[in-house]
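Structure first, then comments.
Numbering (our numbering), first residue to last: 164 to 374.
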């Protein structure tokens, strides 16, 4: 029985097991997919995914921590420059284990372990999820009615400037009409002045006759 055995030792001492997982993680990062046994693939999955999560924060400290596990500068560069930008939106689950049958020599259970975001065939075959329509029919009908009522003020708002233009035309036309009485008023003002000049002329004529 394997009670309280959380770690699969893979039949190796700790130093040998760490070196094995580091080499497998390096191969997975560089080649994006490797073939191994199911037991090693599961152990590698729990080993490499925390390192991929660490690569989301591209700092000197993060690079040094990852390098202490992988011990390969090319794998560290590939992880931070190529893999990290693709997995920024994924909250874990960066790898996938696919069983492919049994090995011919010893009958070991074999598997493929790959990075999820680098399997172009699987990404192309996955259909896009359609957005579900929320709410009941009644709520959807209410929303459509509200949309119609929201659309009507737009027509009124568009028609308002046209009415405003006619008003402005009328306002511009009215001053020309109002200017005419001003000319008439000037004529009426000139008429009393002429009337006053006429009696003055008559008085001067009378004085000339008296002389």
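Cβ coordinates follow ideal geometry from the N, Cα and C atoms, glycine included.
Keep in mind it's a predicted model, so treat the numbers as computed, not measured.
Nearest to residue 231 (by Cα), restricted to the options 210, 171 and 247 | Working through the chain shown from its first residue, we reach residue 231 at position 68. Selected option, being the one with the closest Cα: 210.
Under a three-way DSSP split, which group does residue 198 fall into?
-> Counting from one through the chain shown, the residue named residue 198 turns up at place 35. Strand at residue 198.
Smallest Cα separation from residue 174: which of 288, 202 and 226?
-> Here residue 174 refers to the residue found at position 11 of the chain shown. Of the listed residues, the one whose Cα sits closest to residue 174 is 202.
Candidates 253, 169 and 279: closest to residue 261 by CA position = Working through the chain shown from its first residue, we reach residue 261 at position 98. When each option's Cα is compared against that of residue 261, the closest is 279.
Pairwise C-alpha distance: residue 187 and residue 176 | Your numbering for residue 176 matches position 13 in the chain shown. Your numbering for residue 187 matches position 24 in the chain shown. Cα to Cα, the separation comes out at about 17 Å.
So does the segment 230-244 actually touch the segment 303-312, counting three or more Cβ pairs closer than 8 Å?
-> no
Local conformation of residue 259 per DSSP, three classes = Taking the chain shown and counting its residues from 1, one reaches residue 259 at position 96. Residue 259 falls in the strand class under three-state DSSP.
Out of curiosity, what's the CA-to-CA distance linking residue 287 and residue 199?
-> The residue given as residue 287 occupies position 124 in the chain shown. The residue given as residue 199 occupies position 36 in the chain shown. Looking at the two C-alpha atoms, the distance is approximately 25 Å.
What do you reckon, is the C-beta of residue 284 under 7 Å from a heavy atom of the ligand COA?
-> The ligand COA is absent from the structure shown, which contains no ligands of any kind.
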